[in-house]
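Numbering (our numbering), first residue to last: 3 to 193.
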Ligand code: HEC
């Protein structure tokens with residue numbers, strides 16, 4: 003009996019090991035794809051704000067961010083999406099059920115004292131069509147730079163407010179303070 007149990011345990015361990023190794027490899031890949039976008043975006047935002055003011059940098063978040071995401075998708079095979087619980091662009095950034103769960107979990111973990119810049123989670127999920135996908139989410143906390151366009155009303159210039167009202171009449175993405183979680187970047191790979 004004991005031997006059977008031991009043999010069974012060994013069989014389970016050797017079946018679990020490749021699955022674990024696969025998830026670890028996917029997690030590393032997903033993290034690399036997802037974390038390559040935000041620093042490039044921050045550099046582009048800083049440059050454009052210096053050149054043409056925060057209102058002039060709005061197209062960086064609107065047009066350049068999806069373009070950079072597309073390049074990363076093409077070179078890595080990971081789909082990238084930015085999501086949030088308070089959208090500026092609801093067409094692009096409305097979370098699906100899994101993404102919503104991650105965003106809510108990140109807010110809870112940050113409120114419980116975890117560093118928002120370190121919040122991430124990756125897991126294997128079953129998709130609606132029955133196939134598997136690996137999904138990874140990383141929190142995007144606000145830095146001082148972000149408050150130019152996502153901060154409280156008194157931090158936004160009249161020009162930024164006017165430009166946002168023109169492009170995003172349903173904007174819900176203002177009123178953030180430094181360190182709050184603005185959203186998450188999500189990397190997904192169907193397997
Ligand atoms: C110059 C203005 C500007 C700055 C600075 C800025 N953003 Fe944005 N942000 C925007 C605009 C405009 C959009 C809408 C983009 C779109 O149309 O998809 C947006 C969208 C987003 C989204 C997608 C979710 C949504 O609400 O549509 C996230 C996440 C986000 N910004 C995070 C940040 C973070 C984090 C920073 C700081 C590192 C930052 N932004 C700095 C203007 C800005």
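We put the beta carbon where it would ideally sit given N, CA and C, even for glycine.
Please return the same chain residues whose Cβ sits closer than 6 Å to the Cβ of residue i, not counting the five positions on each side in sequence.
{"i": "residue 139", "result": "104, 123, 186, 188"}
{"i": "residue 161", "result": "57"}
{"i": "residue 141", "result": "108, 118, 121, 183, 186"}
{"i": "residue 190", "result": "81, 135, 137"}
Could you spell out where the alpha helix (DSSP H) holding residue i opens and where it closes?
{"i": "residue 93", "result": "92-95"}
{"i": "residue 126", "result": "Per DSSP, residue 126 belongs to no alpha helix (DSSP H); it is in the beta strand (DSSP E), 122-128."}
{"i": "residue 41", "result": "39-58"}
{"i": "residue 149", "result": "149-152"}
{"i": "residue 69", "result": "67-78"}
{"i": "residue 158", "result": "Counting along the chain, residue 158 falls outside any alpha helix (DSSP H), and DSSP gives it neither H nor E."}
{"i": "residue 103", "result": "99-113"}
Please list the terminal residues of the continuous beta strand (DSSP E) segment that includes residue i.
{"i": "residue 142", "result": "134-143"}
{"i": "residue 190", "result": "183-192"}
{"i": "residue 83", "result": "81-85"}
Sorted by chain position, which residues of the same chain lie with C-beta nearer than 8 Å to residue i's C-beta, five sequence neighbours on each side aside?
{"i": "residue 47", "result": "59, 62, 63, 147"}
{"i": "residue 43", "result": "62, 63, 66, 67, 70"}
Please list, in chain order, all residues of the same chain as residue i whose beta carbon is under 7 Å from its beta carbon, the five residues on each side excluded.
{"i": "residue 100", "result": "127, 137"}
{"i": "residue 75", "result": "81, 82"}
{"i": "residue 35", "result": "74, 78, 80, 82, 189"}
Could you check the C-alpha separation between residue i and residue j for me, to the nearest Å?
{"i": "residue 125", "j": "residue 110", "result": "19 Å"}
{"i": "residue 40", "j": "residue 143", "result": "11 Å"}
{"i": "residue 95", "j": "residue 179", "result": "20 Å"}
{"i": "residue 116", "j": "residue 102", "result": "19 Å"}
{"i": "residue 165", "j": "residue 24", "result": "46 Å"}
{"i": "residue 97", "j": "residue 106", "result": "11 Å"}
{"i": "residue 151", "j": "residue 52", "result": "14 Å"}
{"i": "residue 134", "j": "residue 193", "result": "6 Å"}
{"i": "residue 158", "j": "residue 55", "result": "12 Å"}
{"i": "residue 2", "j": "residue 37", "result": "Missing from the structure shown is residue 2; the chain here goes from 3 to 193 and no further."}
{"i": "residue 93", "j": "residue 21", "result": "35 Å"}
{"i": "residue 153", "j": "residue 176", "result": "5 Å"}
{"i": "residue 113", "j": "residue 85", "result": "19 Å"}
Exercise. So does the segment 30-49 actually touch the segment 73-88, counting three or more Cβ pairs closer than 8 Å?
Worked result: yes
Exercise. So, do the segment 156-174 and the segment 89-105 have three or more beta carbon pairs nearer to each other than 8 Å?
Worked result: yes
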